[in-house]
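See below for the structure under consideration.
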Amino acid sequence: MSAIRQHEALAQAHDGISAVVAPLDDAGLQRPTRCQSWLVADLLFHVLCDAQQALVALASPAPGPAGVDPQSARRCW
């Protein structure tokens, strides 16, 4: 998938999530989710952080070939 298509996929996901949560008030954002001990607001923040990380990754040149250790990508966190 090209970087342009990846951006389009992220935009579509953002639009879908926005459509679902736009009508929520403060009480709606404080409702529990199916993720144990996570509120709607917690889950939205998690999605936001992942989307930001994806956009940075898509806009940043790779320093070299991809590694083989999938956990090394998160070591900076």
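Taking the numbering used here, the leading residue of the sequence shown gets -2, the next gets one more, and so forth.
Quick reminder that beta carbons are idealized off the backbone N, C-alpha and C, glycines included.
Helix, strand or coil for residue 75 per DSSP?
Residue 75 lies beyond the stretch modelled for the chain, which goes from -2 to 74, so this question has no answer here.
Which partner residues of residue 29 appear in the DSSP bridge assignment?
36
Please name the residue in 34, 62, 50 whose C-alpha comes closest to that of residue 3.
Ranking the options by Cα distance to residue 3, first place goes to 50.
Using only alpha-carbon positions, find the residue among 34, 6, 38 that is nearest to residue 23.
38
According to DSSP, simplified to helix, strand and coil, what is residue 61?
DSSP places residue 61 in coil when its eight states are reduced to three.
Residue 7 and residue 56 - do their beta-carbons sit closer together than 8 Å?
no
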